[in-house]
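What follows is a set of notes on a single structure, which appears directly below.
Numbering (the working numbering), first residue to last: 31 to 105.
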């Protein structure tokens with residue numbers, strides 16, 4: 031199963047590849063499918079940004095991820 035994860039774009043290079051921050055972990059994602067720029071939150075799946083999120087939606091999603099991680103750590 032693949033899961034899309036929210037991240038904040040912190041840098042964009044000339045090849046339309048973003049450096050995205052996943053809570054301190056940085057990873058590249060292609061921006062070919064969305065119109066996004068530095069400071070935007072995006073949903074990333076398989077190395078591609080597939081949706082631009084509002085900051086509110088991104089923070090809500092990140093909160094849910096944190097709760098999931100806490101639950102898995104408690105098992």
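Ideal Cβ placement from N, Cα and C applies to all residues, glycine included. Note that the structure is predicted; figures quoted are calculated from it, not measured.
Mapping the DSSP letters down to three states, classify residue 66 as helix, strand or coil. Coil at residue 66, not helix or strand.
Any idea if residue 46 is buried or exposed, counting beta-carbon neighbours within 10 angstroms, 16 or more meaning buried? Label assigned to residue 46: exposed.
Determine the contact status of residue 88 and residue 59, defining contact as a CB-CB distance below 7 Å. Not closer than 7 Å, so no.
Extent of the continuous alpha helix (DSSP H) run through residue 99: The continuous alpha helix (DSSP H) containing residue 99 extends over residues 85–104.
Throw me the rounded Cβ distance for the residue 68 and residue 86 pair, which I believe falls under 8 Å. Not really, about 19 Å apart at Cβ, beyond 8 Å.
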